[in-house]
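Peer 1:
Numbering (this note's numbering), first residue to last: 5 to 460.
1) If you reduce the DSSP assignment to three classes, tell me which class residue 76 lands in.
2) Looking at residue 461: is its Cβ nearer than 8 angstroms to the Cβ of residue 451?
3) Rounded to whole angstroms, what is the Cα-Cα separation between residue 145 and residue 225?
4) Using the C-alpha atoms, what's the distance from residue 105 back to residue 281?
5) Which same chain residues end up closer than 6 angstroms to residue 148 when comparing Cβ atoms and leaving out the 5 residues on each side of it in sequence?
6) Around the Cβ of residue 440, are there at least 16 other Cβ atoms within 10 angstroms (buried) or fewer (exposed)?
7) State yes or no: is the C-beta of residue 185 within less than 8 angstroms of the C-beta of residue 64?
8) Would DSSP call residue 51 helix, strand or coil?
9) Measure the CB-CB distance between residue 240 and residue 228 and report whether it falls below 8 angstroms.
10) Under the DSSP definition of a beta bridge, which residues are partnered with residue 212?
11) What does residue 85 pair with, by DSSP beta-bridge criteria?
12) Can you tell me whether residue 20 is buried or exposed? The criterion is at least 16 other CB atoms within 10 Å of its CB, across all chains shown.
13) Does the beta-carbon of residue 137, which I'm using as the reference point, lie nearer than 7 angstroms to any heavy atom of the ligand HEM?
14) Round the Cβ separation of residue 276 and residue 423 to the nearest angstrom and send it over; I've been treating them as touching at under 8 angstroms.
15) In three-state DSSP terms, what is residue 265?
16) For residue 77, count neighbouring Cβ atoms within 10 angstroms of its own Cβ and tell me buried if that reaches 16, exposed if not.
17) Please state if the CB of residue 92 and the CB of residue 158 are separated by a distance shorter than 8 angstroms.
18) Does DSSP put residue 227 in a helix, in a strand, or in coil?
19) How far does the alpha helix (DSSP H) with residue 202 in it extend, from its first residue to its last?
20) Return helix, strand or coil for residue 11, following the three-state DSSP convention.
21) Confirm, please, whether the CB-CB distance from residue 143 to residue 155 is below 8 angstroms.
22) Helix, strand or coil for residue 371, going by three-state DSSP, please let me know.
23) Classify residue 409: buried if its beta carbon has 16 or more other beta carbons within 10 angstroms, exposed otherwise.
24) Residue 362 lies in the alpha helix (DSSP H); which residues open and close that run?
25) For residue 150, count the other beta carbons within 10 Å of its own beta carbon; 16 or more makes it buried, fewer makes it exposed. Which is it?
26) Roughly how many angstroms separate the alpha carbons of residue 203 and residue 387, rounded to a whole number?
27) By a C-beta neighbour count over all protein chains shown, 10 Å radius and 16 as the cutoff for buried, is residue 141 buried or exposed?
28) Considering only residues of the same chain and omitting the five flanking positions on each side of residue 194, which have a CB-CB separation below 7 angstroms?
29) If you draw a straight line from the C-alpha of residue 373 to the C-alpha of residue 447, how long is it?
30) So, is residue 107 buried or exposed, given that buried needs 16 or more other C-beta atoms within 10 angstroms?
31) Assuming residue 381 and residue 393 make a contact with CB atoms under 8 angstroms, what is their CB distance in whole Å?
32) Give the DSSP-derived three-state secondary structure of residue 426 in the structure shown.
33) Between the stretch 283-299 and the stretch 412-420, are three or more C-beta pairs nearer than 8 angstroms?
34) Could you tell me the alpha carbon to alpha carbon distance between residue 293 and residue 254, rounded to whole angstroms?
35) If you compare alpha carbons, which of 75, 127 and 83 is closest to residue 454?
36) Just mark residue 113 as buried or exposed, buried being the case when its beta carbon has 16 or more other beta carbons within 10 Å.
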């Protein structure tokens, strides 16, 4: 059951949009191991027809694909992720619909003018354009051009596709109810992945390390699970705390997400979860609860250090020196050699191992990123990356200051805040699911500025 909209009207579970989207996803999941080429072509054709009839139906696939990012499907010898497939279906379907409408219209520039008008009112549109330009330029300034294929792949996954989806969302989304559906589908799908991951953990799965068994679920690593689940967990918890109807929906979804994040034993995720919720409680006017939450968080951290000292100190202190600080020192040395352009998209590993890794950090020699959001943007996109990151943080802070009367915006901003806090110690953006979740939140945060165009 999906939540009610802002006027208390229940979102119809038999809405043709949601039914069509759900049917397509379920069909793909049932055949996730391998799709015959003919069936894949049939599903593709069906989705394009669906996009022309109901563009939102295909657009709504993305938050589901986002939650299912660790899973994939095969067509012949090719392997695809659900996230990339759903993004491309939404973008191509909406483009096809717009093209067909322009062909049959008297004023063939009306759609383009509408799109440009909405872009000029969107807060994150300038950031999207800047990221696309900086990412494209960086392809020509790689530290090692032999790895241009890896750079192109990351450019496609973390810049081009999510920015295109964001652009299409600005054109297609028409009301706050559409935004609430996107949030509900994302949280509900992520909660399903969390339940499955917790079940696998209780069945003996996970990664045993430093005295604990860390939840991984379907994700390649516990840290990846923590990064993927913390943002929807914060969103669900904030909406439950704000008593958004139905309260039980958000509480039920938040429970497995919270349990899954805790069982990853990710220090960055726990810190991000705490920081995001603290910001949300303060913005919602629950100042006393925020103070109590701050104190509780400090006490809980103290208890966790006593209960799991090996896990909570591991990788921070090794041989008397900080392992993560060693990675940061290597990253700063890399920046000294490439201060203006950085090394390029997905190039960190190929520079780090042969030239910059310190002996005390040899156990982490295969790391592909500097474990810090600022260093990551600088090394991937150069000075332009720092400017873009600063713009993104400024936009988030701006929404923090202006969203106190809208629990939905507060929830999304809290999720982004949690991601930024965690990103200061780990990966913050340059992963397909993290990039997609950022632009999903950006599209929803921009929607109030575009106005409710339900009847348009």
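C-beta atoms are modelled at their ideal positions from N, C-alpha and C, and glycine is treated no differently.
Peer 2: Reading off the structure:
1) The DSSP-derived three-state label of residue 76 is strand.
2) No statement about residue 461 is possible, as the shown extent of the chain runs from 5 to 460 and does not include it.
3) In a straight line, the C-alpha of residue 145 is about 31 angstroms away from that of residue 225.
4) For residue 281 and residue 105, the distance between alpha carbons rounds to 44 angstroms.
5) Correct list, in chain order: 354.
6) Buried, since its Cβ has 16 or more Cβ neighbours within 10 Å.
7) Between residue 185 and residue 64, the C-beta gap is smaller than 8 angstroms, which places the two residues in contact.
8) Three-state result, residue 51: helix.
9) For residue 240 and residue 228, no; Cβs fall outside 8 angstroms.
10) DSSP, once it has assigned bridges, lists 217 as partnering residue 212.
11) The partner list for residue 85 (beta bridge, DSSP) reads 76.
12) At residue 20 the pLDDT is 47, less than 50, meaning the model places this residue with poor confidence and gives no usable figure here.
13) No copy of the ligand HEM appears in this structure; indeed no ligand is present at all.
14) Contact holds; Cβ gap of about 7 angstroms.
15) The three-state secondary structure of residue 265, taken from DSSP, is helix.
16) It counts as buried.
17) For residue 158 and residue 92, no; Cβs fall outside 8 angstroms.
18) In the structure shown, residue 227 falls within a helical segment according to DSSP collapsed to helix, strand and coil.
19) It spans 180-206 - the alpha helix (DSSP H) in which residue 202 sits, taken as one unbroken run.
20) Only weak support exists for where residue 11 lies, its pLDDT of 48 falling under 50; the value from the coordinates is given anyway. Looking at residue 11 - three-state DSSP - the assignment turns out to be coil, as it is neither helix nor strand.
21) Less than 8 angstroms separates the beta-carbon of residue 155 from that of residue 143.
22) Correct three-state label for residue 371: coil.
23) By the neighbour-count criterion, in which 16 or more other beta carbons inside 10 Å mark a residue as buried, residue 409 falls on the exposed side.
24) Counting along the chain, residue 362 falls outside any alpha helix (DSSP H), and DSSP gives it neither H nor E.
25) By the 10 Å Cβ count, residue 150 comes out exposed.
26) Near 44 angstroms, if we compare the C-alpha coordinates of residue 387 and residue 203.
27) The residue in question, residue 141, is exposed, as its Cβ has fewer than 16 Cβ neighbours within 10 Å.
28) Listed in chain order, the non-local C-beta contacts of residue 194 below 7 angstroms within the same chain comprise 71, 233, 236 and 261, local neighbours out to five positions each way being set aside.
29) If you take the alpha carbons of residue 373 and residue 447, they lie about 27 angstroms apart.
30) Residue environment: residue 107 is assigned as exposed (fewer than 16 neighbouring CB atoms within 10 Å of its CB, all protein chains considered).
31) About 4 angstroms; that satisfies the 8 angstroms criterion.
32) Judged by DSSP in its simplified three-state form, residue 426 adopts helix.
33) Contact holds: three or more Cβ-Cβ distances are below 8 angstroms.
34) The alpha-carbon atoms of residue 293 and residue 254 are separated by roughly 19 angstroms.
35) Closest option to residue 454, Cα to Cα, is 127.
36) Exposed, because fewer than 16 other Cβ atoms sit within 10 Å of the Cβ of residue 113.
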